[in-house]
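Heads up: the structure comes next, in structure tokens.
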Amino acid sequence: MGNTINLPPKHLLLVLAIVLIWGVNFVAVYIGLKSFPPFLLSAIRFGLSALPWVFFIPRPKAPLKLIVYYGLFNFAMQFGLIFTGIHLGLSPGLASLILQIQVFFSIGLAFLVFQDRPSPFKIAGSLISFIGIGIVAVNVNGGSTFLGLILMLLAAFSWAAGNMFTKKIHAESPLALVVWGNLAAFPVMVLISLFFEGPVVILSSLQNVSWPAIAAVFYIVYFSTHIGYGAWGFLMKSYSTSVVVPFTLMVPVVGFLSSALFLGEELPYWKLLASLFILGGLIFGLLEKQVRGVIAGFRQRS
Numbered sequence: 001m002g003n004t005i006n007l008p009p010k011h012l013l014l015v016l017a018i019v020l021i022w023g024v025n026f027v028a029v030y031i032g033l034k035s036f037p038p039f040l041l042s043a044i045r046f047g048l049s050a051l052p053w054v055f056f057i058p059r060p061k062a063p064l065k066l067i068v069y070y071g072l073f074n075f076a077m078q079f080g081l082i083f084t085g086i087h088l089g090l091s092p093g094l095a096s097l098i099l100q101i102q103v104f105f106s107i108g109l110a111f112l113v114f115q116d117r118p119s120p121f122k123i124a125g126s127l128i129s130f131i132g133i134g135i136v137a138v139n140v141n142g143g144s145t146f147l148g149l150i151l152m153l154l155a156a157f158s159w160a161a162g163n164m165f166t167k168k169i170h171a172e173s174p175l176a177l178v179v180w181g182n183l184a185a186f187p188v189m190v191l192i193s194l195f196f197e198g199p200v201v202i203l204s205s206l207q208n209v210s211w212p213a214i215a216a217v218f219y220i221v222y223f224s225t226h227i228g229y230g231a232w233g234f235l236m237k238s239y240s241t242s243v244v245v246p247f248t249l250m251v252p253v254v255g256f257l258s259s260a261l262f263l264g265e266e267l268p269y270w271k272l273l274a275s276l277f278i279l280g281g282l283i284f285g286l287l288e289k290q291v292r293g294v295i296a297g298f299r300q301r302s
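The opening position of the sequence shown corresponds to residue 1 in full-length UniProt numbering, with each subsequent residue numbered one higher.
Here it is, written out as structure tokens:
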């Protein structure tokens, strides 16, 4: 596995493209939820992401249980929770921001799974970021939106867990891992949709689907899932977690801007303040080497 800190230009462009795709994806999810209930939208996403591709793309050479765990955490749990959180009233821009706490969950899980001990800078950065989560919790309106916040934090944890399975599997084809991971998530989400949303709601949603919702599903499946997660899996396989994962800090910037542009989402002071703490804490942890270099230089001069 590569440990290079600076990505080459073509991989830097690739990760920036992923950031753009995932940032706009929150708008697509919001539009899709206008026609579909959250679990059904998740099931449709997983089904179209897996089929018919599993018949043409060989299964990754990894234990089946790891692929199933990857699919359950990275797809079934993460997106079932994200879609439900937005459905309950959490704005797309805010959802994209809260989800970035996955960086700290990833660091914590990397310590537990790979004995990758976090530095004091990373711990301090996490505390700063969670101040931002507190600001969001105090200002969200209504119990359903607060529940949406909790679900988004659980989604962030699911994404972090999925990252650990991505590292363990070492798939030769990241797209194959995405396709087969979605196949593992698909039947689980179909059963959840049938149980919680019911056949009547499912049938009504499918009969009354709008063209914008169809376009949103197309974007969610083929851009966010196939292109986004396929490229993300390649980068996660090629570089260390600490090099790749922090680029997701830019996703909420795109999420806020696209939500404001396409959906007219308001940006009150508390959202900007929460963003400052959450992203500031993440950046604080990222700048550890630079800060240590400045301190060392100051000590040498003194």
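Glycine included, each C-beta is placed from N, C-alpha and C at the ideal position.
Quantities reported herein were computed from a predicted structural model and do not represent experimental measurements.
Please check the pair F256 and L267, which I expect to be a contact at CB under 8 Å, by giving their CB distance rounded to whole angstroms.
7 Å
Span of the alpha helix (DSSP H) holding R45?
38-50
Starting from S126, trace the alpha helix (DSSP H) both ways and give me its first and last residue.
120-139
Output needed for T225: all residues of its chain with C-beta closer than 6 Å, excluding positions within five of it in sequence on either side, in chain order.
S49
Which whole runs of the beta strand (DSSP E) in the UniProt domain "EamA" (147-284) are 3 residues long or more, in chain order?
none
I want to know whether the stretch 153-168 touches the stretch 66-82 - three or more CB-CB distances under 8 Å.
yes
So, do the stretch 4-18 and the stretch 199-207 have three or more beta carbon pairs nearer to each other than 8 Å?
no
Would S119 and I101 qualify as a contact pair, given that the criterion is a beta-carbon distance under 8 Å?
no
What would DSSP say about R292, mapped onto helix, strand or coil?
helix
For V89, does the three-state DSSP call read helix, strand or coil?
Sequence inspection shows Gly at residue 89; the Val mentioned does not correspond to that position. DSSP places G89 in coil when its eight states are reduced to three.
Under 6 Å Cβ to Cβ from M1, same chain only, skipping five residues before and after it: list those, please.
With a pLDDT of 39 at M1, under the threshold of 50, the modelled position of this residue cannot be trusted; read the value that follows with caution. The answer is none, since no qualifying residue turns up.
Among K34, M189, S258, whose alpha-carbon lies nearest the alpha-carbon of I214?
K34
Let's test the definition: count the other Cβ atoms within 10 Å of the Cβ of I123 and tell me whether it reaches 16, buried, or not, exposed.
exposed
When we look at the beta-carbon of W159 and count the other beta-carbons within 10 Å, is it buried (16 or more) or exposed?
buried
So I227 and I21 are supposed to be a Cβ contact under 8 Å. How far apart are they, rounded?
6 Å
Assess, as a yes-or-no matter, whether the stretch 181-201 is touched by the stretch 60-73 under the definition of 3 or more beta carbon pairs within less than 8 Å.
yes
Alpha helix (DSSP H) segment containing W22, residue limits
9-32
Would you grab the beta carbon distance between F73 and A161 for me? Rounded to a whole angstrom, and I think it's under 8 Å.
4 Å
Are the Cβ atoms of S193 and A43 separated by less than 8 Å?
yes
Between V221 and the rest of its own chain, which residues show a CB-CB distance below 7 Å, the 5 nearest in sequence each way excluded?
R45, L48, S49
In chain order, what residues of the same chain have a beta carbon less than 6 Å from the beta carbon of V103, not counting five sequence neighbours either side?
V245, L282
So G89 packs on F277, CB below 8 Å; how close in whole Å?
About 22 Å separates the two Cβ atoms, so there is no contact after all.
Beta-carbon proximity of L109 to M164, cut-off 8 Å
yes
Is K10 buried or exposed, if buried means 16 or more other CB atoms sit within 10 Å of its CB?
exposed
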